[in-house]
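Worksheet: one structure, shown below.
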Amino acid sequence: MNNSSRPWLKPLVDFGPLAVFLLLYWQYDLFVATGGLMVAVTLGLALSYGLERTVPIMPLVTAGLVLVFGGLTLLLDDERFIKMKPTIVQGLFAVVMFGGLIFNRPVLKPLFGQAWQLEDEGWRKLTFRFGVFFVVSGILNEIVWRTQSTDVWVNFKVFGLMGLTFMFMMTQVPMIQKYQIVPDDDEDGQTKN
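49 is the number of the first residue of the sequence shown in this note's numbering; add one for each residue after it.
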């Protein structure tokens, strides 16, 4: 069965761990929230695999980094590690985006190719823009966690980065529409394959 039969699964795997993190932080502290986040990402991946027999690559990479940096946070009793994790994730994604462009393989095409049919130029531009967005997001995370309180950083991590990502995606809609491949119709009104 594919993910389209379970529209709730992707948002649950993507945002469920963040909700757990935020609720535990509000109720307890950053260390309890970090442990809860580690458990939630592991359960999310297990659920995804159990229901779909596949695990999406981006949540898998993020989960790996959550486990490493969350583990270091708890083991060393040092909150800096979990605060650096978003910077590392964003930096890693930026490297993947720009690396794909260097090798003329826009990595967004295999990730989103089923959702959007774009011309190659559109995939290149979208990949470049995502790369820049990831760099900016990583820099913002560094600025916030190094200059603000933990409360401010948690709110930035949960709401700020999510809001920035949503706004960024909305600003990409015109470019996606510009490079969208529209299927040709033949004389009978049937779409050509």
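All residues carry an ideal CB built from backbone N, CA and C; glycine is no exception.
Name the DSSP bridge partner or partners of residue i?
| i | result |
| --- | --- |
| L166 | Q228 |
Would residue i pass as a contact of residue j if the rule is Cβ separation under 8 Å?
| i | j | result |
| --- | --- | --- |
| P134 | D62 | no |
| G118 | G92 | no |
| L85 | F69 | yes |
| V206 | L66 | yes |
| L120 | F129 | yes |
Taking only the alpha-carbon atoms, compute the straight-line gap between residue i and residue j and give it to the nearest angstrom.
| i | j | result |
| --- | --- | --- |
| L78 | V221 | 36 Å |
| G147 | A88 | 30 Å |
| L103 | D199 | What sits at residue 103 in the sequence shown is Val, not Leu. C-alpha separation (whole angstroms): 32 Å. |
| I229 | L149 | 21 Å |
| Y227 | M217 | 15 Å |
| L122 | K131 | 12 Å |
| F181 | F151 | 20 Å |
| N203 | Q165 | 35 Å |
| M210 | S185 | 10 Å |
| K157 | L140 | 18 Å |
| E100 | G112 | 19 Å |
| I191 | W201 | 10 Å |
| P59 | T195 | 31 Å |
| T110 | T90 | 11 Å |
| G179 | Y76 | 35 Å |
| P231 | I136 | 39 Å |
| E169 | W74 | 45 Å |
| T239 | R177 | Residue confidence is low: T239 scores 49 on pLDDT, short of 50, so the model does not pin down where it sits. Its coordinate-derived value is still stated next. Near 31 Å, if we compare the C-alpha coordinates of R177 and T239. |
| N50 | L57 | Unreliable placement is indicated for N50, whose pLDDT of 47 sits below 50; the coordinate value is still reported in the next sentence. Looking at the two C-alpha atoms, the distance is approximately 10 Å. |
| W193 | G208 | 13 Å |
Shortest alpha-carbon distance to residue i belongs to which of the options?
| i | options | result |
| --- | --- | --- |
| A163 | Y97, Q225, S96 | Q225 |
| I187 | G208, T90, Q138, Y97 | Q138 |
| A142 | T175, K131, F204, V116 | T175 |
| V155 | I105, L70, A111 | I105 |
| D126 | A94, V109, V80 | V80 |
| L124 | R153, P59, T82, G170 | T82 |
| N189 | W171, G170, Y97, L212 | L212 |
| K173 | L120, T219, R54, Y97 | T219 |
| W171 | F129, V116, M223 | M223 |
| G98 | E167, G179, S197, R54 | R54 |
| V183 | F160, W56, L57, V144 | V144 |
Could you tell me the boundaries of the alpha helix (DSSP H) in which residue i lies?
| i | result |
| --- | --- |
| P55 | It is not in any alpha helix (DSSP H) - P55 carries neither H nor E in the DSSP assignment. |
| P158 | 156 to 160 |
| D199 | 198 to 203 |
| E127 | No alpha helix (DSSP H) contains E127, which DSSP labels as neither H nor E. |
| V87 | 78 to 100 |
Shorter than 8 Å from the beta carbon of residue i to some beta carbon of chain B?
| i | result |
| --- | --- |
| Y227 | As a matter of chain content, chain B is missing from the structure shown, which is built from one protein chain. |
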